[in-house]
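A.B. asks: Provided herewith is a single structure, encoded as structure tokens, for subsequent inquiry.
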Amino acid sequence: MSFNHILHYETGELKTEMNLVDGKPDGECKNYWKNGNPQYTSTYVDGVLHGDVTKYDEDGQQASVNTYEHGVETHCDGVPVFVPPEPEEED
């Protein structure tokens, strides 16, 4: 089952918009500062971060971009992030 999930601050301003599929985030997620400017945007696939997470300051200016592949951060502002290799299985 899929539906659009919307959260508001206690004072009524929009806080979060996201699509949920079977209770897990799927697709674009948008979070907002109380002043209405974007706080961050992210993309999920089957409940796992996949793609860019773009963060903004309260004035709406882009602050950083982190890239994820299947939930693992691969880049921070375009710079590769060290990801330790998966341990090899022992026979």
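Each position in the sequence shown, counted from 1, maps to that position plus 34 in the numbering used here. A virtual CB, placed ideally from N, CA and C, is assigned to each residue, including glycine.
(1) List the endpoints of the continuous beta strand (DSSP E) containing Phe37.
(2) Quick one: what's Glu107 bridged to in DSSP?
(3) DSSP beta-bridge partners for Val82?
(4) Assuming Pro119 is part of the beta strand (DSSP E), what are its boundary residues?
(5) Could you tell me the distance, in whole angstroms, from the CA atom of Ala97 to the CA atom of Asp80?
C.D. replies: Once the coordinates are examined:
(1) Unbroken beta strand (DSSP E) run through Phe37: Ser36 to His42.
(2) Residue pairing for Glu107: DSSP places it in a beta bridge opposite Tyr102.
(3) Answer by DSSP bridge pairing, in chain order: Val79.
(4) It is not in any beta strand (DSSP E) - Pro119 carries neither H nor E in the DSSP assignment.
(5) About 26 Å.
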